[in-house]
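If you use mature numbering (1 follows the signal peptide of the UniProt record, and there is no 0), the sequence shown corresponds to residues -22 to -1, 1 to 452, in order. A quick write-up on the structure given underneath.
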Amino acid sequence: MLPPTFLSLSFSLLLLSASARADVQPFTGYANDFVNPDYIVAGKFSNTTLGAQQSIIAWAEYLSASGPWSVTNKTIAAPSGNKNDYMSWAPYYWPDCSKVGNTTVLTPQQIWVTCPYVDRDGQFNPDRLTIDDVGAFSNLSDSVLYNALSFSFQNQSTSLYSQRIARFMDVWFMNNATGMNPNLNYAQMARGPSGQVGQHTGVLDLKGMAKIASGILILRKRNCTDWTDELDSGFVAWSKEYITWLETNKPGIDECASLNNHGSFCFNQLTALKLLVNDVPGAVNSSQKYFEGIYKGQINKTGDQPFEASRTHPYHYRNYNLGAMITNARLLAYADPTSNPWNLTTSSGSTIQSALDMTMTVDPSVSGESDPSTVAEIYPNIAAVAAQYGDPSGKYVAFLKEKFPDYAWDATFLWDQPLQGDPGVVGSGNNGASGGSGSGSKDGKSAAAATAGPGLSTIRLVAAVLVVGFVVSW
């Protein structure tokens, strides 16, 4: 016999799928997220989050269809000759072959090692996706998060969702044949004669560790039988090796010292890893180092972010770093519940809320960033700030209702609570917990799933199948 809570949830999903608007959201890859696992495991979700739950289930199905992922799937090995080494090419670097002196047309392989490469900020080199470990890891981290959330909805110790996570994690991290070596020695290589090693900016590629931390902590706290002791100990061992690399090698040291979004995301990653290896004091120390260090110079007295505003895509980068700052705050709040990172100020007296409020006044079209995906990057940041700081004037909800009427169906609405919203069902109520958020990333933009997913008819089937305790992928 199925547990009453499981039947109740299944009935709610069926009721919603039968009567609600067709607002299940297409998949969106947020820059980063840390979802409080205690809030998810408690399962005290308002009825107004049922639309977000449907979108989460849809995203888990959509992402899983392309897994598992492995660094060994790439057709070109790193300069080490070992395909188990993670590898990516810096997205904004372009070859300049004008002074090479070649007498015949160079092949792509010759260009990669012969021609000097120059940085053209904001201009993506399309051939960067010839190698797409960055896209594979992005898909993995999103898949772990949304499958873990979907697993939690079922209130069982095992499910197809958790089985997927176990398989995907083993293939990427622990399997001797397919697993990634715990370093980023060849991440965001500039290429050319002097660019055959990675740069510190390549550490950004694994920022999604915060999403993975959310997912794995949910499995642990729910005593998931699919996430075995062997898998857990193997992943902890891998993570400890990678932490050592981050903290003792120049790329990791330099990245966390970066004053802009790169530094913010570096601390996302390091703090999340500390939580994964059960080093809570280390996680608190990492977060405090961020807020007492580079954070101090990231928001000026007007609420602007000078290091992001000076980039070629300033609207994107403001929201990008906002997502990282929000994630850092959520990580610290989880690691140390007595802390109050949301009220921590920069040297100019500004907070994360100040940065969001200023960004809301920016017209993205002024910098040529009016495409819908870029404009939408602010929405999860608004929801996160509204849920944490409150919205007494109603300005945040008013902005979302005008620009993104279906915001209550977005995945983040599940954990950006309390936040006013109506996904088209009867029911109300709030909870006091919140989790992580971010914004869509364009750094190293890759073939990672960007915006796609099944429609409402598929989700109605998924919800219906949940009643008998299993789910089928279409």
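For glycine and all other residues, C-beta sits at the position ideal for the given N, C-alpha and C. Predicted model, so just to flag it, every value in this text is computed and none were measured.
Buried or exposed: which applies to residue i, given that a residue is buried once 16 or more other Cβ atoms fall within 10 Å of its Cβ?
i	result
residue 239	buried
residue 192	buried
residue 83	exposed
residue 292	buried
residue 16	exposed
residue 410	In this prediction, residue 410 has a pLDDT of 31, which is less than 50 and means its spatial position is unreliable; what the coordinates show is noted afterwards. Looking at its Cβ environment, which holds fewer than 16 other Cβ atoms inside 10 Å, residue 410 is exposed.
residue 370	exposed
residue 228	exposed
residue 185	buried
residue 172	exposed
residue 286	buried
residue 321	exposed
residue 230	buried
residue 258	exposed
residue 101	exposed
residue 211	exposed
residue 344	exposed
residue 87	exposed
residue 265	buried
residue 389	buried
Quick one: residues in its chain with C-beta nearer than 8 Å to the C-beta of residue i, no 5 flanking neighbours on either side, listed in chain order?
i	result
residue 166	66, 67, 68, 69, 176, 177, 179, 180, 182, 183, 422
residue 405	Low per-residue confidence applies at residue 405: pLDDT is 33, beneath 50, and the placement is therefore not dependable enough to give any value.
residue 54	65, 108, 109
residue 260	252
residue 377	338, 360
residue 58	163, 164
residue 60	159
residue 218	255
residue 47	114, 115, 117, 118, 146, 149, 150
residue 155	50
residue 52	61, 65, 109, 110, 111
Can you tell me which of the three DSSP states residue i falls into?
i	result
residue 394	strand
residue 165	strand
residue 420	Reliability fails at residue 420, whose pLDDT of 36 lies under 50, so the model's placement of it is uncertain and the value that follows must be treated cautiously. If DSSP states are grouped into helix, strand and coil, residue 420 belongs with coil.
So, for residue i: in the same chain, excluding its five sequence neighbours on each side, which residues have a beta-carbon less than 7 Å away from its beta-carbon?
i	result
residue 62	49, 50, 157, 158, 159
residue 90	169
residue 332	277, 281
residue 19	130, 196, 199, 200
residue 347	291, 293, 294
residue 234	241, 244, 245, 248
residue 128	34, 35, 38, 139
residue 336	280, 281, 282
residue 311	317, 319
residue 334	300, 359, 360, 363
Can you give me the Cβ contacts of residue i inside the same chain, cut-off strictly under 6 Å, excluding the 5 residues immediately before and after it?
i	result
residue 188	10, 12, 246, 250, 305
residue 123	189, 192, 193
residue 465	Lying outside -22 to 452, the shown extent of the chain, residue 465 is not represented and no answer is given.
residue 153	none
residue 296	283, 286, 337
Restricting to runs no shorter than 4 residues, where is the alpha helix (DSSP H) found entirely within the segment 177 to 220? If we require 4 residues or more, the alpha helix (DSSP H) runs fully inside the segment 177 to 220 come out as 187 to 199.
Which residue spans inside the segment 47 to 123 form an unbroken alpha helix (DSSP H) run of at least 4? Counting only runs of 4 or more, we get 86 to 92.
Specify whether the segment 87 to 98 and the segment 201 to 220 touch according to this definition: at least 3 beta carbon pairs, one from each stretch, less than 8 Å apart. Result no; under three Cβ-Cβ pairs closer than 8 Å.
Between the segment 105 to 112 and the segment 7 to 26, do three or more beta carbon pairs fall short of 8 Å? As far as the Cβ criterion goes, the segment 105 to 112 does not touch the segment 7 to 26, which means the pair count is below three.
Is it a yes or a no for the segment 352 to 366 touching the segment 295 to 308, going by three-plus beta-carbon pairs under 8 Å? Verdict: yes, contact present.
Could you tell me which whole alpha helix (DSSP H) segments of length 4 or greater appear in the segment 252 to 290? The qualifying runs are 258 to 270, 284 to 287.
Does the contact criterion of 3 or more C-beta pairs under 8 Å hold for the segment 261 to 273 versus the segment 305 to 325? They touch, by the three-pair rule.
Segments assigned alpha helix (DSSP H), at least 4 residues, entirely inside the segment 341 to 375: Segments of the alpha helix (DSSP H) lying fully in the segment 341 to 375: 350 to 353, 356 to 367.
Report yes or no: do three or more beta-carbon pairs, one from the segment 318 to 333 and one from the segment 271 to 289, lie closer than 8 Å? These segments touch.
Tell me the start and end of each unbroken alpha helix (DSSP H) in the segment 292 to 336 that is at least 4 residues and wholly inside, in chain order. Runs of the alpha helix (DSSP H) inside the segment 292 to 336: 292 to 313.
Complete alpha helix (DSSP H) runs within the segment 126 to 166 (minimum length 4 residues, chain order): Counting only runs of 4 or more, we get 138 to 147.
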